[in-house]
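Chemist: Provided herewith is a single structure, encoded as structure tokens, for subsequent inquiry.
Numbering (the numbering used here), first residue to last: 5 to 448.
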């Protein structure tokens, strides 16, 4: 575990330190596209953040190769080299798209080629555990097609959800954390060395996202662009393919029955990771809805619009930060709920907990204007928008003096009651409280 934490910290540090210089390079290179109709930000923001994330990936793999225990992953498996080859290709395509806006079909072809490069080097699905049937061995063509399909779908799912500051990096980091816990449990608890590459990929992916998030949180100083979103989508898909299609469920030795019984009993373990889309269910749902919506309108499935889930959250009244936090919440609920169910599928408390948290999430969705207030002792740990506002001392003194004057002069000097002033008159409340004169000088 210490070596994984060291790899994660090195990856995060390299990504964090390189993001600042990469931002300056993006500004000089002109990788600051004009604001489009579907964009949420209001100022041109540089892209190419994927450059820093790619070098963080390289640093993580380099450090892991020189560690005592993780060095065995490189000695016994070719999957890290396959990941690096596919990541380099998809990163190069993303950089070109961030700078020159290449065609969507060209990007799709590049994604398929990157997936094919990984398949050629051994990172592919060999068999599938199917409940009630057992292990189903796949032919070379079947494994290749299924692997390429999973990689392409996952890359585009992450790319589609990258629409708000910090959204894609945070959601993928949450998914990678749940994935790391599962893969580490399979490797350490059951002694299956085939799960070691997936554990390493998840740790590096968390480091890439954590190192980039401080620069990408709202208001973002730099965007990851397609070079970053496609990269982290490919790494997440590679880890899921590694542990799902190459780890024999019967090797877990949980049951002494037949292989069919073992697969049937370990369904809670394998269903969350059988497809990467189940662990990033929110981006996958956004991808499916986008394809259906655009096809129904007669548009291309790759045509951009403002109909994604995060855009809908903004339209119903949620702020930028709250929309991102709501998406984080649902990703964590699905990912860690599936992880808890895989550990103990017979516990009813897990199901009840997931149902309760789902109800809480629905309440948060239906209350976009609700601003919770935390206790005074915890205000220093939350953002300023959730703190109780204390009036300034001068304002309190002035209010008390005005109230005292009002009590003395309430009946007027002649003993007559003063007529109330109607709302909307200059000097009363709202936007008219600034007075009859405009606060802006007359420049004529």
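Note that the Cβ used here is the ideal one computed from N, Cα and C, for glycine as well. Predicted model only: the values in this text are computed from it and were never measured.
Whole-angstrom Cβ separation of residue 207 and residue 11, contact assumed at under 8 Å?
Modeler: Translated into positions along the chain shown, residue 207 becomes position 203. Translated into positions along the chain shown, residue 11 becomes position 7. With 8 Å as the limit, residue 207 and residue 11 qualify as a contact, their Cβ atoms being about 5 Å apart.
Chemist: On the three-state DSSP scale, how would you describe residue 132?
Modeler: In the chain shown, the residue the question calls residue 132 occupies position 128. Looking at residue 132 - three-state DSSP - the assignment turns out to be strand.
Chemist: Does DSSP put residue 180 in a helix, in a strand, or in coil?
Modeler: Position 176 of the chain shown, counted from the first residue, corresponds to residue 180. Three-state result, residue 180: helix.
Chemist: Taking the C-alpha atoms as reference points, what is the distance between residue 297 and residue 193?
Modeler: Position 293 of the chain shown, counting from 1, holds the residue named residue 297. Position 189 of the chain shown, counting from 1, holds the residue named residue 193. Going by the C-alpha atoms only, they are around 44 Å apart.
Chemist: For the alpha helix (DSSP H) that residue 97 lies in, which residues bound it at each end?
Modeler: Numbered from its first residue, the chain shown carries residue 97 at position 93. That run of the alpha helix (DSSP H) goes 83 to 104.
Chemist: Report all residues from its chain with a CB closer than 8 Å to the CB of residue 330; omit the five preceding and five following residues, and keep chain order.
Modeler: Working through the chain shown from its first residue, we reach residue 330 at position 326. Within the same chain, residue 330 has close Cβ partners 317, 322, 365, 368, 369.
Chemist: So residue 76 is in the alpha helix (DSSP H); what residue range does that whole segment cover?
Modeler: Mapped onto the chain shown, residue 76 falls at position 72. Here the alpha helix (DSSP H) through residue 76 covers 75 to 80.
Chemist: Can you give me the C-alpha to C-alpha distance between residue 26 and residue 120, rounded to a whole angstrom?
Modeler: If you number the chain shown from 1, residue 26 lands on position 22. If you number the chain shown from 1, residue 120 lands on position 116. Cα to Cα, residue 26 sits roughly 29 Å from residue 120.
Chemist: Thinking residue 61 and residue 68 are a contact (beta carbons under 8 Å), I'd like their distance in whole angstroms, please.
Modeler: Translated into positions along the chain shown, residue 61 becomes position 57. Translated into positions along the chain shown, residue 68 becomes position 64. About 11 Å; that fails the 8 Å criterion.
Chemist: Identify which residue in 371, 112, 358, 222 has its Cα closest to the Cα of residue 172.
Modeler: Reading the chain shown from its first residue, position 168 is the one you call residue 172. Among 371, 112, 358, 222, the Cα nearest to that of residue 172 is on 222.
Chemist: Note down, in chain order, each residue of its chain lying with its Cβ closer than 6 Å to the Cβ of residue 123, except the 5 sequence neighbours on either side.
Modeler: By one-based count along the chain shown, residue 123 stands at place 119. Cβ neighbours of residue 123 beyond the five flanking positions: 148, 151.
Chemist: Rounded to a whole number of angstroms, what is the C-alpha to C-alpha distance between residue 31 and residue 50?
Modeler: Translated into the one-based positions of the chain shown, residue 31 becomes position 27. Translated into the one-based positions of the chain shown, residue 50 becomes position 46. Taking the straight line from one Cα to the other gives about 6 Å.
Chemist: Determine the contact status of residue 335 and residue 174, defining contact as a CB-CB distance below 9 Å.
Modeler: As a position in the chain shown, residue 335 is number 331, starting the count at 1. As a position in the chain shown, residue 174 is number 170, starting the count at 1. Yes, Cβ-Cβ distance for residue 335 and residue 174 is below 9 Å.
Chemist: What are the partner residues of residue 140, as DSSP defines its beta bridges?
Modeler: Taking the chain shown and counting its residues from 1, one reaches residue 140 at position 136. Paired residues: 132.
Chemist: Comparing C-alpha positions only, which one of 48, 168, 116 sits nearest to residue 36?
Modeler: Indexing the chain shown from 1 puts residue 36 at position 32. For residue 36, the nearest C-alpha among the options comes from 48.
Chemist: If you count every other CB in all the chains shown that lies within 10 Å of the CB of residue 82, and 16 or more means buried, which is it?
Modeler: Start at 1 with the first residue of the chain shown, and residue 82 comes out as number 78. With fewer than 16 neighbouring CB atoms inside 10 Å of its own CB, residue 82 falls in the exposed class.
Chemist: CA-CA distance, residue 95 and residue 232?
Modeler: As a position in the chain shown, residue 95 is number 91, starting the count at 1. As a position in the chain shown, residue 232 is number 228, starting the count at 1. Each residue's alpha carbon lies about 7 Å from the other.
Chemist: Less than 9 Å between the C-beta atoms of residue 127 and residue 90, yes or no?
Modeler: Here residue 127 is taken as the residue at index 123 of the chain shown, counted from 1. Here residue 90 is taken as the residue at index 86 of the chain shown, counted from 1. A contact, by the Cβ cut-off of 9 Å.
Chemist: With a floor of 4 residues, list each alpha helix (DSSP H) that falls wholly inside the stretch 209 to 255, ordered by position along the chain.
Modeler: 229 to 249
Chemist: Give the single residue among 163, 86, 185 whose Cα lies nearest to the Cα of residue 291.
Modeler: Residue numbering aside, residue 291 sits at position 287 when the chain shown is read from its first letter. It is 163 whose Cα lies nearest to the Cα of residue 291.
Chemist: Helix, strand or coil for residue 279 per DSSP?
Modeler: Here residue 279 refers to the residue found at position 275 when the chain shown is read from its first residue. Because the pLDDT of residue 279 is 44, which lies under 50, any placement of that residue in the model is unreliable, and the number read from its coordinates should be weighed accordingly. Coil, per DSSP.
Chemist: Excluding sequence positions up to five away, which residues of its chain have a Cβ less than 6 Å from the Cβ of residue 16?
Modeler: Position 12 of the chain shown, counted from the start, is the residue given in the question as residue 16. If we look at residue 16 and ignore the five residues flanking it on each side, its Cβ neighbours are 211, 214, 215.
Chemist: To the nearest angstrom, how far is it from the Cα of residue 355 to the Cα of residue 344?
Modeler: The sequence position of residue 355 within the chain shown is 351, counting from 1. The sequence position of residue 344 within the chain shown is 340, counting from 1. Residue 355 and residue 344: Cα-Cα distance of roughly 9 Å.
Chemist: Beta carbon of residue 356: closer than 8 Å to some heavy atom of the ligand ATP?
Modeler: For the structure depicted, the ligand ATP is absent and the ligand set is empty, with no information on it obtainable.
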